[in-house]
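Under my numbering, the residue at position 30 of the sequence shown is numbered 54, and the numbers go up by one with no gaps.
Backbone N, C-alpha and C fix where the C-beta goes; we use that ideal spot for every residue, glycine too.
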Amino acid sequence: MIDFLSGAVAMGYAMAGLLFLRIWGKTADRLCLAFALAFDLLAINQAITTWIGADERVAYAYALRVVAFTLILVALVQKTFLQAQREKH
25 MIDFLSGAVA MGYAMAGLLF LRIWGKTADR LCLAFALAFD LLAINQAITT
75 WIGADERVAY AYALRVVAFT LILVALVQKT FLQAQREKH
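1. Report the residue from 107, 84, 73 and 99 whose alpha carbon sits nearest the alpha carbon of residue 33.
2. What's the C-alpha gap between residue 109 and residue 103?
3. Cutting at 8 Å between CB atoms, please list the residues of its own chain near residue 95, excluding the five before and the five after it.
4. Spatial neighbours of residue 47 within its chain, please: C-beta separation below 6 Å, excluding the five flanking residues on both sides.
5. CB residue 83 to CB residue 38, shorter than 8 Å?
6. Label residue 107 either buried or exposed according to how many other C-beta atoms from any shown protein chain fall within 10 Å of its C-beta, with 16 as the threshold for buried.
7. According to DSSP, is residue 99 helix, strand or coil?
8. Measuring only the C-alpha atoms, how far is residue 35 from residue 25?
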């Protein structure tokens, strides 16, 4: 049952990634691309930990999550500062 739910979570992450990729294709906004890549990394993380049967608290499984959330954070900061610089000019 846990494997089924983990697979559903991985599928949800992958679908969110595809949705953001589709939006990025229409808008060319780097924030959408960052969200797409981050959700894909989270889907890969969920699939790997389910497939291996490892605990989610091990370092290699946790590292992908850290990379995904760092990617989102960097994209948000870049978008905020780029937008602020454009408004000044």
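Straight from the coordinates:
1. Within the sequence shown, the letter at position 9 stands for residue 33. Residue 73 is the option with its Cα nearest to residue 33.
2. Counted from its first residue, the sequence shown places residue 109 at position 85. Counted from its first residue, the sequence shown places residue 103 at position 79. Here the alpha carbon of residue 109 sits roughly 10 Å from the alpha carbon of residue 103.
3. Taking the first residue of the sequence shown as position 1, residue 95 is located at position 71. For residue 95, same chain residues with a beta-carbon under 8 Å away, outside a window of 5 residues either side, are 58, 61, 62 and 65 in chain order.
4. Walking along the sequence shown from the start, residue 47 turns up at place 23. Closer than 6 Å at the Cβ level, and outside the excluded window around residue 47, lie 56.
5. Sequence index remark: in the sequence shown, residue 83 carries index 59 (1-based). Sequence index remark: in the sequence shown, residue 38 carries index 14 (1-based). No, the Cβ-Cβ distance between residue 83 and residue 38 is not below 8 Å.
6. Working through the sequence shown from its first residue, we reach residue 107 at position 83. Flag for residue 107 reads exposed.
7. The residue given as residue 99 occupies position 75 in the sequence shown. Three-state DSSP puts residue 99 in a helix.
8. The count along the sequence shown starts at 1 and reaches residue 35 at position 11. The count along the sequence shown starts at 1 and reaches residue 25 at position 1. C-alpha of residue 35 to C-alpha of residue 25: approximately 15 Å in a straight line.
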